[in-house]
Structure formats: C-alpha cells, structure tokens
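**Q**
Protein chains: 2
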Amino acid sequence: MHPLPGTAASPILTSAHKIGIVGLGLIGGSLARRLVGRGRFVVGWNHTTAPYAAAQRAGIHTVDSLEELAQGKPDVLVLATPLKAMPEMLERLAPVLPKASTLTDVGSVKGPVREQVAAVGLSDRYVGGHPMTGNEHSGFAASDPNLFDSALWALCVDESTDYGRFLTVADMVIQGLGDQLICLDDGTHDRSAALISHMPHVVSTALAALLAGHPDRQVAAALAAGSWRDMTRVALTDPERTRAMVEEDRPNVAALLRELASRLDGVAAEMESGADLGPFFDSAQPFRDYRACQMEAKRTPDHELEEELILDGHGWREQLLDSARRGRRIVRFDSVHRAIEVSGPNW
Amino acid sequence: MHPLPGTAASPILTSAHKIGIVGLGLIGGSLARRLVGRGRFVVGWNHTTAPYAAAQRAGIHTVDSLEELAQGKPDVLVLATPLKAMPEMLERLAPVLPKASTLTDVGSVKGPVREQVAAVGLSDRYVGGHPMTGNEHSGFAASDPNLFDSALWALCVDESTDYGRFLTVADMVIQGLGDQLICLDDGTHDRSAALISHMPHVVSTALAALLAGHPDRQVAAALAAGSWRDMTRVALTDPERTRAMVEEDRPNVAALLRELASRLDGVAAEMESGADLGPFFDSAQPFRDYRACQMEAKRTPDHELEEELILDGHGWREQLLDSARRGRRIVRFDSVHRAIEVSGPNW
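These protein sequence lines map, in sequence, to chains A and B. Heads up: the first sequence runs through residues 0 to 346, numbered per numbering that gives the first Met the number 0. Heads up: the second sequence runs through residues 0 to 346, numbered per numbering that gives the first Met the number 0.
(1) One question on the structure: do L151(B) and F332(B) come within less than 8 angstroms of each other, judged by their Cβ atoms?
(2) Tell me whether S9(B) is buried or exposed, calling it buried when 16 or more other Cβ atoms sit within 10 Å of its Cβ.
(3) Tell me whether P130(B) sits in a helix, a strand or coil according to DSSP, three-state version.
(4) State the start and end residues of the unbroken alpha helix (DSSP H) segment that holds W315(A).
(5) Please confirm whether F139(B) and P50(B) have their CB atoms less than 8 angstroms apart.
(6) Within 10 angstroms of the Cβ of S322(B), are there 16 or more other Cβ atoms? Answer buried if so, exposed if not.
(7) May I have the straight-line CA-CA distance separating L92(B) from R287(B), to the nearest angstrom?
(8) Examine the Cβ distances between the stretch 244 to 256 of chain B and the stretch 187 to 197 of chain B and report whether three or more of them are shorter than 8 angstroms.
(9) CB-CB under 7 angstroms to R298(B), same chain, minus the five flanking residues each way: which ones, in chain order?
(10) For E246(B), which residues in chain C fall below 7 angstroms Cβ to Cβ?
(11) Helix, strand or coil for V245(A)? Go by DSSP, reduced to three states.
(12) If you draw a straight line from the alpha carbon of E158(A) to that of D311(A), how long is it in whole angstroms?
(13) State the CB to CB distance for the pair D283(A) and T204(B), rounded to an integer number of angstroms; the pair is presumed to be in contact (CB under 8 angstroms).
(14) Within the 8 angstroms Cβ cut-off, does G318(A) reach chain B?
(15) Looking at the structure shown, is K98(A) part of a helix, part of a strand, or coil, going by DSSP?
(16) If I measure Cβ to Cβ from L276(A) and keep anything under 8 angstroms in the same chain, skipping five residues before and after, which residues do I get?
(17) Which residues in the same chain have their Cβ closer than 8 angstroms to the Cβ of S100(B), if we skip the five residues on either side of it in sequence?
(18) Would R190(B) count as contacting chain A if we go by Cβ distances under 8 angstroms?
(19) Return no unless some Cβ of chain A is closer than 8 angstroms to the Cβ of R249(B).
(20) Determine the direct distance from the alpha carbon of D281(B) to that of P344(A), and round the result to whole angstroms.
(21) Determine the direct distance from the alpha carbon of H16(A) to that of E87(A), and round the result to whole angstroms.
(22) Residues in the same chain with beta-carbon distance under 7 angstroms from P144(A), minus the five sequence neighbours each way, listed in chain order, please.
(23) Could you list which residues in chain B have their beta carbon closer than 8 angstroms to that of L209(A), in chain order?
(24) Taking 8 angstroms as the cut-off, decide whether the C-beta atoms of L210(A) and I195(B) are in contact.
(25) Counting only the same chain and skipping the five closest in sequence on each side, list residues whose C-beta sits under 7 angstroms from that of V41(B).
(26) What is the DSSP secondary structure of S334(A), counted as helix, strand or coil?
(27) Which residues in chain B have a C-beta closer than 9 angstroms to the C-beta of V181(A)? List them in chain order.
(28) Measure the alpha-carbon distance for V341(B) versus D178(B) and round it to whole angstroms.
(29) Leaving out the 5 sequence neighbours to the left and right, which residues in its chain are closer than 8 angstroms to E67(B) when beta-carbon positions are compared?
(30) Kindly list the residues whose CB is nearer than 8 angstroms to the CB of A296(A), restricted to its own chain and excluding five residues on each side of it in sequence; keep chain order.
(31) Using 8 angstroms as the limit for Cβ to Cβ distance, is S342(B) near chain A?
(32) Please check the pair I181(B) and A221(A), which I expect to be a contact at CB under 8 angstroms, by giving their CB distance rounded to whole angstroms.
(33) Indicate whether at least one CB of chain A lies closer than 8 angstroms to the CB of E303(B).
(34) Roughly how many angstroms separate the alpha carbons of H46(A) and G22(A), rounded to a whole number?
(35) Taking only the alpha-carbon atoms, compute the straight-line gap between N251(B) and A193(B) and give it to the nearest angstrom.
(36) Verify the CB distance criterion: does G326(B) have a CB-CB separation below 8 angstroms to chain A?
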C-alpha cells in the first residue's frame, strides 16, 4: 500500500476542532448549533448582525467581518450563504484564508461552486460539500440542530483534492455532526441532485402555479389533503433560493423536465386512447421495492452490516467514488486507511 | 321561506344512528373505528372475513353477507370498497336495500359512481361522498380513526338528491365523525379531485419511474431527502388502487397532465435559452400566499368567524354549491334550515 499523502499520522478523527461558518441562515445556523451541541468550537459571520444575539445564546461565537473569520484560522471554513453570494465571498476570502484552513460549502450544486473556487485560486484548499437536508423555511430563526439528524453528506472531490483535507471535512461531518457521507465527483452530484431535488422543486412549483391559475382553484384548494400538501411543500420555499439552485444546474434540470414532460404526455395519450395503464404503474415498481427495503432497514438499523474499505494512497478517490456508485455510505474512518461503510438497498 | 322537503321536523342531528359499512379496508376500517369511538352503532361487511376479529375487538359488529348488512336497516350504508368492486356491490344491494336506508360512498370519483347507482335504480336513496383523507397504505391493519381528524368531506348532489338524506349523511360526517363538509356537483368534484389528487398521483408515479430507469439511480436515491420523499410518497400507494382512481377520471386527469407537461416543457425551454425564470417562480406566489393564510388560520382556529346560512326549501342545493364555490365549509347544522359555515382563505 502507498502512504496516504497530505495526512497527519493519527488520529485523523479530531482534525476539525474549530469551524468557521459563513452565513447563519437555515442551514448555516442549524449546522453551527449542531456542531456546538456536539462540542466543537464554532465561529460564525453573517452579512447582517440580526441573528447574532440568538446565535451567541446558542453558544456560537460571532465576528464582525468575513476577513476576521478567516484570520481566526478555522480548521474548516464552511460557506453557507446563498449560491449567488458565493463569488463575492470567495473573492474576499482568497487573500486572507490561511493555508492551513480547509474550505468547504453546503451549496446544492457543486460544479459551478468549484469553478468559482478555482477562479479565486483556492482549489488546493477546497472540498465540496452538500448536506442532503433542508426544508421550505429560511433564516436563523428557523434553524434547528435536528435538521442534521441522520443527514447524508455528499463530499465532492476532483483529481486535485487533498486527502488530508477530505478527512478533515469528513471529521466535521461524521464526528462533528454525527452524519454519514458519500464521495462523488461534481458531475455525478449535480446530475443526481437535479433528479431527486432540483427538478422536483420545479415540478412542485409548476403544480402550485397550475392550481393558482385554475378556474376551480377555490374548491380544489379546499379539497386538497395529504397528497397535494406533500407534493407542493417545496413550492413554498423562498422562490429566490429555489431559482438560484435551479439556475446553477440548468442543463441537468432542463433535460429532466423534458423527460418528465414527455412521460406525462405519454400517459395522457394512453388515457385518451383508453390504453392499458398497467405498464405505466408497473414502471415505478422498482422504486416501491427500493423504498420498502429502505424502510425495512430503518426498522432494524442494528442489522446494517459494516464493511471495511482499505484506502490506498493513490487510489482513495476512485475507491470512494466506486463505493458511492454501489450505493454504500461511509459511516466513519477507523484510521486514515480504513473507512467503514454500510450498504443501502440495491436496484 | 319554503318548507324543506323530505325532512323530519327536528332534530336532524342524530338521524344516522346505525351505520353499515361495505368494505373494512384502510378507509372503511378507519371510518368504522372513528364512528364507534364517537358512539355510533356500526356494522361492517367485508369480502373476506380476515379483518373480522380485529374489527370486533374495535367494537364493530360484523355480518356474513352484504345482503344481511342491508337487511339490518342501517340509517346510512357506506360503500367503502375499491371503485372496481362498486358495480357488483350495487347490483347486489338494489333488491335488498330498504327504502329508509340512505346510500353513500367514499369513492374518489363521483360522476361514474352516480352512473352506477342510477344503473341499478338507487338514485333516490343516494348522496355521493368523498372524505379528503387517506395515505399510501391499505387494509384494516393500517386503519386509524385519526385518519378522520379534521377531514373535509365533499358531499355530492344533483337535482334529484333528497334534502333529508343529505342531512342524514351530513349528520354522520359532522356529529358522527367530527368532520366538516362542502357540497359539490359531481363535475366540479371530479375536476377538482383530478387537480389536487388524481393528476398528482400520476406525476408522483412518473417521478418514481424516472428515477427507477435512470443510470444515476443508485447515487441519486442515496441522496434523496425530504423533497423527494414527499413528492414520491403517493407513488408508494397500491398501484391498482391509484390506477382505478385515475382510470375513472381519465378525461380530467389527461387534460391536466397535458397542461402540466406543457408548462414543464415551457420552463425547460426558458432554461435552455437562458431566459429569466422569475415569472415562472412568481406564478406560484398566489399559492404560497394562500397556504400562508391557511397556516395562519390553523394557528388561531378560535378566530374563525362562523356565519349562518339560512337554507331555503327549493334553493338549498344552489345555496350550498355556492357556499363551496366561495371557499366556505359547513361546520354544522343548527337546525334543518340553518347551516353554520366558516370561510377559508380567498384567492
């Protein structure tokens, strides 16, 4: 086995002692509160001081400027601002972020953020991050450490990612937050996130708009129950936030919307011609089976079989990417070389 | 004011003493348990006796045949079978259902059920019913009286509907279940239900199928969080049940799917051309405002202003239909002539 580059000998599991958070909104605030609750030292900066009093009561240290945050030498600096604010934040960070600090973010698209990071020359310090959690609310007042209960993080890497920095962010995720992670390349992340989040946000919004413009809206809205409420919940998200997320992932989202529209037109045609709808309903069966496995696994979490993945100094990136492709999640690192993974349901 | 036809003098609020339920599945079972819990006498029949022991433990009387159920002279007989079983049930009920029994159902489409009722000559005894509740599970084992907490019922009438029978079913809904109701014609119901339930079930299924067939499904499914879970929950419903519901409302559902597909293609085109997505996200704003009003009203239910609606012997149908069109719900009848209604949010 080759020695792993860029890593301290051991232990690697407490490398993210001090965490700086840029933006104390729903996600940044929840992240900060969770980390504080689990014993990490957290310093936050927000573009207005409005949440500072509440943040300080929650044990979060605050500073007056982004520059001060960076100069305080956090082990990890997390960008938790809206996507559209990131380029400005990165430009201000580039001249002041210490070499030893690792930069990550919680943005819902990863390719565009990496480009912005590269544009200001911070690629060597960057590991992309995306916690799969959130809700339709926003602001520190809506923050909740439990938002990170059993959340899965996608950590995104490319050929320039430093393994030691990857482990430092992994420490924040696993030990700092009690979460799990998978390792992805930006392209796979952005296509997958488009499929299970960005495109559905657009569909939800289109459903809400369809009702809003419908002559029967008054009666229909009165009749709306669980199915409608669930399908339109994310349409209640701040539209500027959703729009930014969708705009940064345009090509993937547009292609999926075309594909879904074509499927809906297809079912409509089958209905109009009186064709058998059986094949359409059958086509979702693998998903029903997948979810049934997943719910069964949740009922019996103790039966999750842990397996070890011995990581190689040169091959760690490909090994971890392959682990994710096979539906596995990293639950911890027992050492620099030894990741412990569990399987999800397969299909 | 004209005297109201077909009604006892008073009180009208306890006219549904004995309730017969055909089909003890998720909805029939939950309905029966809720009615028993609130003091009504409930007799059930199911096509297999599998749920009988559990039903009896829940205080539900059971009989060996549909005919016996009818001959027991229930004040209200509720058809709670799958839609596809209704024609056979109705054929068997027609020769044995006593004149004094009022027939209703819980089917998710109302026009086709009324046609089936007419085909067996039971129109004079029928009031259509659809409780806006349910979930993705099925069977008596999944039944839960709380499924009817704050449920809204659509009671569907036409020019032949007897007012006394309408009040009897209203008694079951309001006093028997603690629920509220609105009065609709079948066409408005079926269009509205297509909009907020039947079409969204198809969209949810199409989303699930899109994921199931996608090359990135393993990673995407691992990343799936709240937004995806909510949008695909109803795709987990027994596909035969969803299919029957959708098939009975084909023209409405197909037209809405075409409309949604066209909107999704439109947004995709805007994304591809780099157009401003602002107007698309703005188009859902009336729905966000409506839901904000609705949630505010839920936080302060005591502030709901009750208004009385004095019903006229000849005009009751049009008066109640108009009440629903204005977004109002009937919370009780203080007498045969006096309905008490509350407003929902307007848009």
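In this text, a Cβ means the ideal position worked out from N, Cα and C, and glycines have one as well. None of the values given here were measured: they were computed from a predicted structure.
**A** Taking the definition as stated:
(1) In the second sequence, residue 151(B) corresponds to position 152, counting from 1. In the second sequence, residue 332(B) corresponds to position 333, counting from 1. Cβ atoms of L151(B) and F332(B): not closer than 8 angstroms.
(2) As a working note, residue 9(B) is residue 10 in the second sequence. Unreliable placement is indicated for S9(B), whose pLDDT of 41 sits below 50; the coordinate value is still reported in the next sentence. With fewer than 16 other Cβ atoms within 10 Å, it is exposed.
(3) Residue numbering aside, residue 130(B) sits at position 131 when the second sequence is read from its first letter. P130(B) falls in the strand class under three-state DSSP.
(4) Counting from one through the first sequence, the residue named residue 315(A) turns up at place 316. Here the alpha helix (DSSP H) through W315(A) covers 315 to 324.
(5) Stepping through the second sequence from its first residue, residue 139(B) is reached at position 140. Stepping through the second sequence from its first residue, residue 50(B) is reached at position 51. Cβ distance < 8 angstroms, so F139(B) and P50(B) count as in contact.
(6) For this step, residue 322(B) is matched to residue 323 along the second sequence. With 16 or more other Cβ atoms within 10 Å, it is buried.
(7) The sequence position of residue 92(B) within the second sequence is 93, counting from 1. The sequence position of residue 287(B) within the second sequence is 288, counting from 1. Straight-line Cα distance between these residues: approximately 46 angstroms.
(8) yes
(9) Against the second sequence, residue 298(B) aligns to sequence position 299. For R298(B), where only same-chain residues beyond five positions count, there are no Cβ hits under 7 angstroms.
(10) You won't find chain C in this structure, because its protein chains are A and B.
(11) Locating residue 245(A) in the first sequence gives position 246, counting from the first residue. Here V245(A) sits in helix by DSSP.
(12) Reading the first sequence from its first residue, position 159 is the one you call residue 158(A). Reading the first sequence from its first residue, position 312 is the one you call residue 311(A). Taking the straight line joining both Cα atoms gives about 15 angstroms.
(13) Position 284 of the first sequence, counted from the start, is the residue given in the question as residue 283(A). Position 205 of the second sequence, counted from the start, is the residue given in the question as residue 204(B). Contrary to the premise, residue 283(A) reads as Ala rather than Asp in this sequence. Yes, A283(A) and T204(B) are in contact; Cβ-Cβ is about 5 angstroms, under 8 angstroms.
(14) Reading the first sequence from its first residue, position 319 is the one you call residue 318(A). The sequence shown places Gln at residue 318(A), rather than the Gly named in the question. By this cut-off, Q318(A) is not an interface position.
(15) To locate residue 98(A), count along the first sequence from 1; it is residue 99. If DSSP states are grouped into helix, strand and coil, K98(A) belongs with coil.
(16) Sequence index remark: in the first sequence, residue 276(A) carries index 277 (1-based). Cβ neighbours of L276(A) beyond the five flanking positions: V266, E269, M270.
(17) By 1-based counting over the second sequence, the position of residue 100(B) is 101. Only G19, A69, K72, P73, D74, V75, L76, R124 meet the Cβ criterion.
(18) Translated into positions along the second sequence, residue 190(B) becomes position 191. Cβ-Cβ to chain A under 8 angstroms: yes for R190(B).
(19) Position 250 of the second sequence, counting from 1, holds the residue named residue 249(B). Answer yes: the Cβ-Cβ gap between R249(B) and chain A drops below 8 angstroms somewhere.
(20) Translated into the one-based positions of the first sequence, residue 344(A) becomes position 345. Translated into the one-based positions of the second sequence, residue 281(B) becomes position 282. Going by the C-alpha atoms only, they are around 39 angstroms apart.
(21) By 1-based counting over the first sequence, the position of residue 87(A) is 88. By 1-based counting over the first sequence, the position of residue 16(A) is 17. If you take the alpha carbons of E87(A) and H16(A), they lie about 26 angstroms apart.
(22) On the first sequence, residue 144(A) is found 145 positions in, with the first residue counted as 1. So the qualifying residues of the chain are S29, R32, R33, G36.
(23) Here residue 209(A) refers to the residue found at position 210 of the first sequence. What L209(A) touches in chain B: L194, L255, E258, L259, R262.
(24) The residue labelled residue 210(A) in the question sits at position 211 within the first sequence. The residue labelled residue 195(B) in the question sits at position 196 within the second sequence. It is a contact, given that the beta carbons lie within the stated cut-off.
(25) Looking up residue 41(B) in the second sequence gives position 42. Here the set comprises I18, I20, A31, L34, V35, I59, H60.
(26) Here residue 334(A) corresponds to residue number 335 of the first sequence, with the count starting at 1. Strand.
(27) In the first sequence, the residue the question calls residue 181(A) occupies position 182. One detail in the question is off: residue 181(A) reads as Ile in this sequence, not Val. By Cβ distance, chain B contributes V218, A221, L222.
(28) Along the second sequence, read from residue 1 onward, the residue named residue 341(B) stands at position 342. Along the second sequence, read from residue 1 onward, the residue named residue 178(B) stands at position 179. C-alpha separation (whole angstroms): 13 angstroms.
(29) Mapped onto the second sequence, residue 67(B) falls at position 68. W44.
(30) Walking along the first sequence from the start, residue 296(A) turns up at place 297. For A296(A), where only same-chain residues beyond five positions count, the Cβ hits under 8 angstroms are H302, E303, G343, P344.
(31) Your numbering for residue 342(B) matches position 343 in the second sequence. It does not: the Cβ of S342(B) has no partner Cβ on chain A nearer than 8 angstroms.
(32) Here residue 181(B) is taken as the residue at index 182 of the second sequence, counted from 1. Here residue 221(A) is taken as the residue at index 222 of the first sequence, counted from 1. Confirmed, about 6 angstroms.
(33) As a first step, residue 303(B) is located in the second sequence; it is residue number 304 there, counting from the start. For E303(B), the answer is no, since every Cβ of chain A falls outside 8 angstroms of its Cβ.
(34) Here residue 46(A) corresponds to residue number 47 of the first sequence, with the count starting at 1. Here residue 22(A) corresponds to residue number 23 of the first sequence, with the count starting at 1. If I take the Cα positions, the gap works out to 7 angstroms.
(35) Residue numbering aside, residue 251(B) sits at position 252 when the second sequence is read from its first letter. Residue numbering aside, residue 193(B) sits at position 194 when the second sequence is read from its first letter. Straight-line Cα distance between these residues: approximately 6 angstroms.
(36) Here residue 326(B) is taken as the residue at index 327 of the second sequence, counted from 1. So yes, G326(B) belongs to the interface.
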